[in-house]
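Before any comments, here is the structure.
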Amino acid sequence: MLPTVLLGTRKGFIAWHFSKNRWQFENLFFEGSPVSIAYADARTGTWWACLDHGHWGVKLHRSNNRGKTWEEVTAPAYPEGEVIKDGIPATTRYIWAMADGGKNFKSRLWIGTDPGGLFMSEDKGNSFQLVESLWKHPTRKEGWFGGGRDQPGIHSIVVDPRNENRVHVGISCAGVFETIDAGKTWEIRNKGMRAEFLPNPDAETGYDPHILVAAPTNPDILWQQNHCGIFRSVDAGRNWIDVGQAEGPANFGFAIAVAEDNAEQAWVAPANSDMTRTAVKGALCICRTDDGGKSWKAMRNGLPQENCFDIVYRHALATSQDALMFGTTTGNLFFSPDRGEKWQVLSNYLPMIYSIQFAE
Amino acid sequence: MATVKFTYALKKFFPGLKETSTGAHSLQEVLHEIEISHPGIRSYIVDEQGSLRKHVNIFIDGSLINDRAKLGDSFSKDSEIYIIQALSGG
Numbered sequence: 001m002l003p004t005v006l007l008g009t010r011k012g013f014i015a016w017h018f019s020k021n022r023w024q025f026e027n028l029f030f031e032g033s034p035v036s037i038a039y040a041d042a043r044t045g046t047w048w049a050c051l052d053h054g055h056w057g058v059k060l061h062r063s064n065n066r067g068k069t070w071e072e073v074t075a076p077a078y079p080e081g082e083v084i085k086d087g088i089p090a091t092t093r094y095i096w097a098m099a100d101g102g103k104n105f106k107s108r109l110w111i112g113t114d115p116g117g118l119f120m121s122e123d124k125g126n127s128f129q130l131v132e133s134l135w136k137h138p139t140r141k142e143g144w145f146g147g148g149r150d151q152p153g154i155h156s157i158v159v160d161p162r163n164e165n166r167v168h169v170g171i172s173c174a175g176v177f178e179t180i181d182a183g184k185t186w187e188i189r190n191k192g193m194r195a196e197f198l199p200n201p202d203a204e205t206g207y208d209p210h211i212l213v214a215a216p217t218n219p220d221i222l223w224q225q226n227h228c229g230i231f232r233s234v235d236a237g238r239n240w241i242d243v244g245q246a247e248g249p250a251n252f253g254f255a256i257a258v259a260e261d262n263a264e265q266a267w268v269a270p271a272n273s274d275m276t277r278t279a280v281k282g283a284l285c286i287c288r289t290d291d292g293g294k295s296w297k298a299m300r301n302g303l304p305q306e307n308c309f310d311i312v313y314r315h316a317l318a319t320s321q322d323a324l325m326f327g328t329t330t331g332n333l334f335f336s337p338d339r340g341e342k343w344q345v346l347s348n349y350l351p352m353i354y355s356i357q358f359a360e
Numbered sequence: 361m362a363t364v365k366f367t368y369a370l371k372k373f374f375p376g377l378k379e380t381s382t383g384a385h386s387l388q389e390v391l392h393e394i395e396i397s398h399p400g401i402r403s404y405i406v407d408e409q410g411s412l413r414k415h416v417n418i419f420i421d422g423s424l425i426n427d428r429a430k431l432g433d434s435f436s437k438d439s440e441i442y443i444i445q446a447l448s449g450g
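Protein chains in written order, with this note's numbering: chain A, 1 to 360; chain B, 361 to 450.
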């Protein structure tokens with residue numbers, strides 16, 4: 001297990017560290033500022049803080065020394081004159097995803113934003129440029145719309161480690177898009193998904209993959225926790241199959257994680273549907289499948305089972321080897337050392353948790 | 361020379377920020393001037409399309425500006441320009 005976790009929370013960037021056989025608070029940065037993503041670049045150890053200042057806009061900071069010092073870099077910005085739709089100027093409203101470009105592109109970073117722009121840096125994040133091909137995709141203006149946020153947003157960026165120019169992105173609400181040429185061209189990968197909230201459930205775009213992840217041992221196997229179920233693809237997104245439980249609890253939710261050593265094993269954090277967005281029956285559980293989604297086991301040992309309102313946001317469930325950690329909307333942080341068999345509470349007093357990442 | 365004052369909240373990000381006099385003739389010129397002395401500050405006040413951020417206000421002689429999109433409001437050489445955050449959020 002990696003010994004650090006970075007938390008993006010409503011009130012700051014929080015680091016915890018595992019030492020002497022227990023997790024301990026390490027530090028707090030940007031106290032009071034919402035941090036949409038707390039990200040560690042595994043290649044360099046650089047920490048990134050994606051800030052969502054209520055007043056001052058979206059800002060981006062990085063640290064090369066575990067937060068001892070931070071440097072503000074220019075946040076992704078839309079070119080002058082760009083519009084979300086006619087009459088609505090395009091500005092960066094939120095940073096919703098960050099990913100490194102892989103081992104062969106050491107200077108490359110990706111950022112996904114609300115209102116739907118993907119940005120790329122080829123200079124280690126000193127500057128980010130809008131990926132025009134996706135922004136100008138013919139489906140965007142009429143076929144993408146807000147889901148979870150007022151405008152469309154890119155919350156998932158999955159870089160294929162075998163070919164790092166191949167990237168899948170997840171967009172709410174549009175669906176899954178794939179490039180094999182580092183963003184020059186894009187294919188829609190929505191076949192098999194459902195969009196029960198649309199007048200035409202078989203639309204080309206408009207789907208709501210809450211989060212998209214790839215299996216580390218086989219990047220052709222993609223998983224997504226979708227608004228309309230849990231979907232899995234074994235052919236890099238060309239076809240999707242619903243593997244959720246129709247009667248729950250593994251059905252609606254936001255987060256999903258896949259085991260580092262097993263493409264068949266994944267965890268989801270169930271929630272009541274979009275009608276309430278609360279814990280299912282007032283109880284918190286994590287559901288695990290060991291067989292590619294054919295069956296799910298609800299894991300509750302150590303989690304609150306009554307009077308509970310917590311749900312888990314899309315970036316707030318993470319795994320590292322046998323360890324799992326998740327954070328909730330009510331500021332609870334839970335850890336499992338054994339793939340979810342039992343859970344321990346690390347804190348009940350944190351701010352709302354937006355993101356969790358294991359790091360060195 | 362008009363006077364430009366700033367909310368204390370901006371000093372959290374730009375500690376050297378203080379009241380200043382300006383010979384600028386427009387709010388755009390004011391922003392240009394303070395961006396030179398405090399690089400990056402413009403992006404805290406306006407977005408990348410040049411519009412005043414939703415939760416930021418600019419007052420000229422006690423009155424809220426009208427043109428939040430292009431900052432076309434005028435002022436005189438005796439004016440007091442106050443850049444302040446809106447009271448919002450929790």
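All C-beta atoms, glycine included, are put in the ideal place defined by N, C-alpha and C.
(request) For residue 69 of chain A, count neighbouring Cβ atoms within 10 angstroms of its own Cβ and tell me buried if that reaches 16, exposed if not. (result) exposed
(message) For a quick check, are the C-beta atoms of residue 431 of chain B and residue 412 of chain B less than 8 Å apart?
(response) yes
(message) Output needed for residue 296 of chain A: all residues of its chain with C-beta closer than 6 Å, excluding positions within five of it in sequence on either side, in chain order.
(response) 245, 250, 287, 289
(request) Use the C-beta contact count for residue 381 of chain B: other C-beta atoms within 10 angstroms, 16 or more gives buried, fewer gives exposed. (result) exposed
(request) Could you run through the segment 408-420 of chain B and flag, in chain order, every residue whose CB is less than 9 Å away from some CB of chain A? (result) 408, 409, 410, 411, 413, 414, 415, 416
(request) Excluding the 5 residues preceding and the 5 following residue 238 of chain A in the sequence, name in chain order all residues of the same chain whose CB lies nearer than 8 Å to its CB. (result) 189, 191
(message) Do residue 38 of chain A and residue 49 of chain A count as a contact pair if the criterion is CB distance below 8 Å?
(response) yes
(request) Output, in chain order, the set of chain B residues within a Cβ distance shorter than 7 Å of residue 77 of chain A. (result) 408
(request) Kindly indicate the opening and closing residues of the beta strand (DSSP E) around residue 99 of chain A. (result) 94-100
(request) Just the chain A side, please: which residues come within less than 8 Å of residue 362 of chain B by C-beta, in chain order? (result) Those do not exist, as residue 362 of chain B stays about 23 Å from chain A at its closest Cβ, beyond 8 Å.
(request) Mind listing the chain B neighbours of residue 56 of chain A? Cutoff is C-beta to C-beta under 9 Å, in chain order. (result) 369, 370, 373, 403, 404, 405, 413, 415, 416, 445
(message) Taking 8 Å as the limit between beta carbons, can you name the residues of its chain near residue 395 of chain B, skipping five residues before and five after?
(response) 401, 402
(request) Tell me whether residue 5 of chain A is buried or exposed, calling it buried when 16 or more other Cβ atoms sit within 10 Å of its Cβ. (result) buried
(request) Rounded to whole angstroms, what's the CA-CA distance from residue 348 of chain A to residue 230 of chain A? Just pull it up for me. (result) 29 Å
(message) Helix, strand or coil, according to DSSP, for residue 257 of chain A in the structure here?
(response) strand
(message) So, at 8 Å on beta carbons, what are the nonlocal neighbours of residue 363 of chain B in its own chain, with the 5 sequence-adjacent residues on each side left out?
(response) 379, 380, 381, 382, 439, 440, 441
(message) Restricting to Cα atoms, I'd like to know which of A:10, A:330, A:325 is closest to residue 16 of chain A.
(response) A:325
(request) List in chain order: all unbroken beta strand (DSSP E) runs of 3+ residues lying wholly within the segment 111-191 of chain A. (result) 118-121, 153-159, 167-172, 175-179
(request) Verify the contact flag: residue 256 of chain A, CB atom, against every heavy atom of the ligand ATP, threshold strictly below 7 Å. (result) Of ligands this structure carries none, so the ligand ATP is not represented either.
(message) If contact is defined by three or more beta carbon pairs under 8 Å, each pair taking one atom from either stretch, is the segment 76-86 of chain A in contact with the segment 27-35 of chain A?
(response) no
(message) Let me see if you follow: with CB-CB separation under 8 Å, is residue 400 of chain B close to chain A or not?
(response) yes
(message) Buried or exposed for residue 207 of chain A, going by 16 or more other Cβ atoms inside 10 Å?
(response) buried
(request) Compare the C-beta of residue 187 of chain A against all C-beta atoms of chain B and say whether one is closer than 8 Å. (result) no
(request) Determine which residues of the segment 260-286 of chain A have a Cβ less than 9 Å from any Cβ of chain B, and write them out in chain order. (result) none
(message) Can you tell me which residues form a DSSP beta bridge with residue 71 of chain A?
(response) A:62
(request) Report yes or no: do the segment 84-97 of chain A and the segment 148-163 of chain A share at least 3 C-beta pairs separated by less than 8 Å? (result) yes
(request) Sort out for me which residues DSSP pairs residue 53 of chain A with in a bridge. (result) A:57
(message) On the CB-based measure, 16 or more other CB atoms within 10 Å of its CB, does residue 450 of chain B come out buried or exposed?
(response) Note that residue 450 of chain B scores a pLDDT of 48, beneath 50, so its modelled location is shaky; the value from the coordinates is reported in the next line. With fewer than 16 Cβ atoms within 10 Å of its Cβ, residue 450 of chain B is classed as exposed.
(request) Identify whether residue 413 of chain B lies in helix, strand or coil by the three-state DSSP scheme. (result) coil
(message) Our contact map puts residue 51 of chain A next to residue 34 of chain A with C-beta atoms below 8 Å; I'd like the distance itself, whole angstroms only.
(response) 7 Å
(request) Please confirm if residue 92 of chain A has its CB atom under 8 Å from at least one CB of chain B. (result) yes
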